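Read through the structure below, which is laid out as C-alpha cells, and then see the notes.
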Amino acid sequence: DFFYPKIKISKIINNKIKEFKKNFLSDYVFFYYKSFDSKNLLISLKNLRGLKTLLSNCLNYQKDIQDFITLCKSNSDSDGCIKQSYFNKLNFKEGIFLNGPFAQISFNVLENKKNFLKVVIDKKTTTISKNNSLLYRPI
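When we follow this note's numbering, the leftmost residue of the sequence shown carries the number -17, and every step to the right adds one.
Here it is as C-alpha cells:
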C-alpha cells in the first residue's frame, strides 16, 4: 500500500482559472509493506533506482506516521485531496491562497478564530470565513 496526499490548487492561465492536483508533501510518499520491519530490506531499498532518500528512522516513528496518514485521510475529499479543514486546525502567521480569485497570493494572519481568519492582503485587512470554498495553507 502507498499513500501520497494531494491538494487542489488553481492557477490563472490565459485569463482562465485552471485547477490542478499537486502532491501535498512534494516528493514524499508513504509506503507500507509488512517486510519493511526488516532492517536488511530497508538497507537494500536505499539503492532503489528513482528513490531520492529513504528516511532512516522510519521504523521508530511508525505510530506518528500512521496518525498523520489517518489525519490526512479524515480531512480528504472523495478525490483524495486535502480539504481546508486540515489547515483550519493549524496556527500560522503567513499563508497563501490555493484557489479562487486570490490564488497564489500570500497574506499575513492578524487573528485566527474558530470560524474566520482576519488577514492582511497587500496592506488591506479582510476577514475570511473558514466555511467557504477558498483553500489556503501556511507558508
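Cβ atoms here follow ideal geometry from the backbone N, Cα and C, with glycine treated the same way. Values in this document were obtained by computation on a predicted structure and should not be read as measured data.
Note on geometry: alpha-carbon atoms of Leu30 and Asp46 lie some 25 angstroms from one another.
Its Cα nearest to that of Phe74, the residue Val101 stands out among Lys55, Ile87, Pro83 and Val101.
Counting every other CB atom within 10 Å of its CB across the protein chains shown gives Asn81 a total of 16 or more, marking it as buried. Each of Ile103, Asn5 and Thr109 was checked against the Cα of Asn94, and the nearest Cα belongs to Thr109. Three or more beta-carbon pairs separated by less than 8 angstroms link the stretch 111 to 120 to the stretch 56 to 67, which places the two stretches in contact. Taking C-alpha positions only, Lys4 is separated from Asn39 by approximately 26 angstroms. Beta-bridge partners assigned by DSSP to Tyr118: Phe79. Shown here, Leu92 sits in a strand according to DSSP, grouped into three states. In the DSSP annotation of this structure, the continuous segment of the beta strand (DSSP E) that includes Phe98 starts and ends at Phe98 to Ile103.
The shortest CA-to-CA distance from Lys106 to any of Ile121, Asn90 and Asn97 is the one to Asn90. Excluding residues up to 5 positions away in sequence, Ile64, Lys65, Ser67 and Tyr68 lie with their Cβ nearer than 8 angstroms to the Cβ of Asn57 in the same chain. For Lys28, the secondary structure class from DSSP, reduced to helix, strand or coil, is coil. No residue range can be given for Ile64, since it is assigned to no alpha helix (DSSP H) and is classified by DSSP as neither H nor E.
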